[in-house]
């Protein structure tokens, strides 16, 4: 954002978006948190909210309007924001040779319809070969865990299946647009013995783009 001469502003007392409360079933707790966040943004004169978290994007863009009367802020995921802001800008990325696969976060892809923007951003990096997994887009597999509620045998099985799909593409790295997907899949890797699944690099699209910015 700084490279685009956009100065990001953070609220002085930024709180969680409330996603985990909502998806763990604490609807009233989510309602209170959404109202508190909306009031803080209103007091700060916020017009647009940009988040790099797929879960925060989903609840703020779709659920805040249900529980906060009059909530009308423009909410964007960073991938959509950046895709638009890069149009016509003189921003170059240096070559990053290699193959990468993209994991669609549930809240961003299947639940919010943001599928193309992250892929368009990855396509801007010279030398980067994007290989799709068997299940992708609206049919993508989940990272296996939601709202930190549970991580049992079924969750682990989903995570390992996703890592297997990524390895099958021949990619050395899996990029995604949700920090929790990175955390949950890394957690699955931590329990594995040495293997291609454990060697797969996991990275957020935002971080990958920042690393590949040309000087």
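Numbering (the working numbering), first residue to last: 943 to 1157. Even for Gly, the Cβ is constructed at its ideal location relative to N, Cα and C.
* Enclosing beta strand (DSSP E) for residue 1117 [first to last residue] -> 1115-1118
* Asked: Straight-line CA distance for residue 1044 to residue 1117?
  -> 5 Å
* Taking contact to mean at least 3 C-beta pairs separated by less than 8 Å, is the region 1073-1085 in contact with the region 1146-1156? -> no
* Asked: What's the gap between the Cα of residue 1095 and the Cα of residue 995?
  -> 26 Å
* residue 1041: first and last residue of the uninterrupted beta strand (DSSP E) it sits in -> 1040-1045
* For residue 1143 and residue 1134, the rounded distance between their alpha carbons -> 14 Å
* If we count the other Cβ atoms within 10 Å of its Cβ and call it buried at 16 or more, is residue 1004 buried or exposed? -> exposed
* **Candidates 1145, 972, 1086, 954: closest to residue 988 by CA position** => 954
* **Bridge partner(s) assigned by DSSP for residue 1018** => 992
* **Of the listed residues 1065, 976, 1108, nearest to residue 1085 (C-alpha basis)** => 1108
* Own chain residues within Cβ distance below 6 Å of residue 949, not counting five before or after -> none
* **residue 1145 - partner residues in DSSP beta bridges** => 1117
* Asked: Thinking just about the alpha-carbon of each residue, which of 1018, 1037, 1022, 1104 is nearest to the one in residue 1129?
  -> 1104
* Asked: Do the CB positions of residue 1122 and residue 997 come within less than 8 Å of each other?
  -> yes
* In chain order, what residues of the same chain lie with their CB nearer than 6 Å to the CB of residue 1139, ignoring the 5 residues before and after it? -> 1105, 1109
* **Residue range of the beta strand (DSSP E) that includes residue 1070** => 1070-1072
* Separation of residue 1124 from residue 1145, as counted between CA atoms -> 7 Å
* Reference residue 1069, options 980, 1052, 1154, 976, closest by Cα -> 1154
* To do: Count the C-beta pairs between the region 970-985 and the region 1005-1024 that are closer than 8 Å, then say yes if the count reaches three, no if not.
  => yes
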